[in-house]
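Per this note's numbering, residue 30 is the first one in the sequence shown, and the count goes up by one each step. Heads up, the beta-carbon is just placed ideally off N, CA and C, and yes, glycines get one too. Step one of this worksheet: look at the structure below.
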Amino acid sequence: MSRWSLLVSGISGTERDRLLTLFFGYLLISGDPTLLSRISVIHMDYGKMIRDSFEYAKDGLTKNPKTWIMLIVLTLLPVIPFILLVLLMGASLMAYTETDIPASLIATLIMGFVIAFVMALILGAFSMGYLLKILRGEVPLPEVTGFGTMFVDGIKLLVIEIIYLIPVLIILAVTAGAALISALPILMSMPAEPDFEALMPGLMPIIGGMIAGILIAVIAAIILWLLAVVGVVRFARTGKIGEAFNFSAILATIGKIRWGTYILALIIVVAIVAIVEVILSFIPYIGSLILILISPFIMVFMHRYVCILYDSAGNPADPSRSFTP
Numbered sequence: 030m031s032r033w034s035l036l037v038s039g040i041s042g043t044e045r046d047r048l049l050t051l052f053f054g055y056l057l058i059s060g061d062p063t064l065l066s067r068i069s070v071i072h073m074d075y076g077k078m079i080r081d082s083f084e085y086a087k088d089g090l091t092k093n094p095k096t097w098i099m100l101i102v103l104t105l106l107p108v109i110p111f112i113l114l115v116l117l118m119g120a121s122l123m124a125y126t127e128t129d130i131p132a133s134l135i136a137t138l139i140m141g142f143v144i145a146f147v148m149a150l151i152l153g154a155f156s157m158g159y160l161l162k163i164l165r166g167e168v169p170l171p172e173v174t175g176f177g178t179m180f181v182d183g184i185k186l187l188v189i190e191i192i193y194l195i196p197v198l199i200i201l202a203v204t205a206g207a208a209l210i211s212a213l214p215i216l217m218s219m220p221a222e223p224d225f226e227a228l229m230p231g232l233m234p235i236i237g238g239m240i241a242g243i244l245i246a247v248i249a250a251i252i253l254w255l256l257a258v259v260g261v262v263r264f265a266r267t268g269k270i271g272e273a274f275n276f277s278a279i280l281a282t283i284g285k286i287r288w289g290t291y292i293l294a295l296i297i298v299v300a301i302v303a304i305v306e307v308i309l310s311f312i313p314y315i316g317s318l319i320l321i322l323i324s325p326f327i328m329v330f331m332h333r334y335v336c337i338l339y340d341s342a343g344n345p346a347d348p349s350r351s352f353t354p
C-alpha cells in the first residue's frame, strides 16, 4: 500500500471528503489531466471490484438460466473429443495387459490423443469467443448468440495465446529439453538394476539444468501472463490481433493502474477462484459436479473483474466504459 493510501485510510470520513475536495480543486487549477488517473488507482477498492463482478455474474446468470445452461454446454464441449477417444480405444486397450500392448496400438493412441487435443482447443473457441464479449464491457451479461462470430473470435484468441506461449516453450526446449537430451545416453546405458548412488554425480548437473530451465520458464510465463491479460482486453475492444501485442500501450495501461495495484488485483482474483476450486475438490463426487455447474459463474466473474481492472486505467479510446473502483 502506498503512503498516500495509508494517509487517506487513517482520516475520518468528513475530513477525507474535505481533503479530496481540496485535491480535486487543485486538479482543476493545475490543468494536469494525468493526475486524475493517478488518484483513481490510489483508492483502488478491491472489495468493490469483487462485489461488482459477483453481482454482474449473479444477475446475468440467475435471471437468465438459458445463458447459464448454454455456458455449461460450451464449457463441456472440449471434453467430448477425449470421451470419444476413451470409448473408441478403451475396448482395444482392455484386451491386452500392460506388457502386451502392441507398439502400433500405442502409436494409434498417441495420434488419437493429439487429434483429441486439437479438437478440444477448436471446440473451446466458442466459450473463449463469448468471454470476449464480457471483456468488451457489455452490460448486462450478454446472451449466448452469434456462434459464428464467437467461434472466429475464439480462434483469434487461441492464436494470441499460442503466440504468447511460444517464448516459454522455447525456453523449456533450450534449457530443460537440452538437459534431458544430454541425459539420454546415461539413461539408455543403465542396467536393469541401476546403482543410482553411483549415477548421481553425473545426473546432478543435468537435473540442476532441468530445474533451472523450468524455473526460468515459469518466471517468463508469469511475466507474459501479466502482459497478456491487458493484451487480450485490447484485442477484445479493438478486434485487432496486433493490439494484443502492442506492448507500449499495454505497459502504459498497466502503468496507469500501477504495477503493484495491478499485480495484487490479479493475485486476489486468482486466489479467490483457487480457494473455491480447492474446497470443492475435497467434496467427493458431488464437488466435481458442483464445479461443473458453477464454472460459468467463475468464468464470468473473472472476466468481469479483469474488465473493471482494465477500465480503472481510464482507457482514453473508450471513456464511456471507464470504471473507477
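Residue from the options with nearest C-alpha to residue i
{"i": "G260", "options": "M99, I112, L106 and V188", "result": "V188"}
{"i": "K77", "options": "G343, A342 and I337", "result": "I337"}
{"i": "F146", "options": "A205, A300, L106 and Y314", "result": "L106"}
{"i": "I79", "options": "W97, V302, V143 and I248", "result": "V302"}
{"i": "F156", "options": "T104, I210, I163 and E172", "result": "According to the sequence displayed, residue 156 carries Ser and not Phe. It is T104."}
{"i": "A265", "options": "K87, K95, L161 and M148", "result": "L161"}
{"i": "V143", "options": "L114, L164, L201 and L322", "result": "L114"}
{"i": "K185", "options": "G119, K92 and V262", "result": "V262"}
{"i": "G242", "options": "I200, L256 and L255", "result": "I200"}
{"i": "I240", "options": "W254, K92, V258 and A207", "result": "A207"}
{"i": "L255", "options": "I210, S324 and V335", "result": "V335"}
{"i": "I321", "options": "S82, M99 and N93", "result": "M99"}
{"i": "F176", "options": "I315, A202, L122 and V102", "result": "V102"}
{"i": "L356", "options": "V108, D88, N93 and F326", "result": "Lying outside 30 to 354, the shown extent of the chain, residue 356 is not represented and no answer is given."}
{"i": "S324", "options": "A120, E172, W97 and A202", "result": "W97"}
{"i": "K95", "options": "T174, V298 and A202", "result": "T174"}
{"i": "I327", "options": "V305, Y339 and G343", "result": "V305"}
{"i": "L90", "options": "A300, G316 and E172", "result": "E172"}
{"i": "G158", "options": "I135, E190 and L117", "result": "E190"}
{"i": "L138", "options": "I163, F111, A154 and G153", "result": "F111"}
Where residue i falls: helix, strand or coil (DSSP)
{"i": "V193", "result": "First, the amino acid is wrong: residue 193 is Tyr here, not Val. Y193: helix per DSSP, three-state reduction."}
{"i": "S156", "result": "helix"}
{"i": "V173", "result": "coil"}
{"i": "Y314", "result": "coil"}
{"i": "P107", "result": "helix"}
{"i": "A167", "result": "It should be noted that the sequence gives Glu, not Ala, for residue 167. If DSSP states are grouped into helix, strand and coil, E167 belongs with coil."}
{"i": "P94", "result": "helix"}
{"i": "I71", "result": "Note on I71: pLDDT 45, under 50, position unreliable in the model; the coordinate value appears next. In this structure, I71 counts as helix in the three-state DSSP scheme."}
{"i": "S324", "result": "helix"}
{"i": "F246", "result": "The sequence as given places Ala at residue 246; Phe does not occur at that position. In this structure, A246 counts as helix in the three-state DSSP scheme."}
{"i": "A342", "result": "coil"}
{"i": "G60", "result": "Legend: pLDDT at G60 = 46, less than 50; position of this residue unreliable, value from coordinates given subsequently. Coil, per DSSP."}
{"i": "I252", "result": "helix"}
{"i": "I130", "result": "coil"}
{"i": "Y334", "result": "helix"}
Residue i Cβ short of 8 Å to the ligand PLP heavy atom set
{"i": "W97", "result": "Ligands in the displayed structure: none, and consequently the ligand PLP is not present."}
Residue-level contact to chain C via CB, residue i, 9 Å cutoff
{"i": "L209", "result": "Given the protein chain composition of this structure (a single chain), no chain C is represented."}
*Does the stretch 180-187 come within contact of the stretch 233-241, defined as at least 3 CB pairs closer than 8 Å?*
no
_Whole runs of the alpha helix (DSSP H) within the stretch 256-287, excluding any shorter than 4 residues_ = 276-286
_Under 8 Å, with one C-beta from each stretch per pair, do the stretch 322-336 and the stretch 279-286 reach the 3-pair mark?_
no
*Is it a yes or a no for the stretch 246-256 touching the stretch 162-172, going by three-plus beta-carbon pairs under 8 Å?*
no
*Do the stretch 293-301 and the stretch 264-273 touch if we need at least three Cβ pairs shorter than 8 Å?*
no
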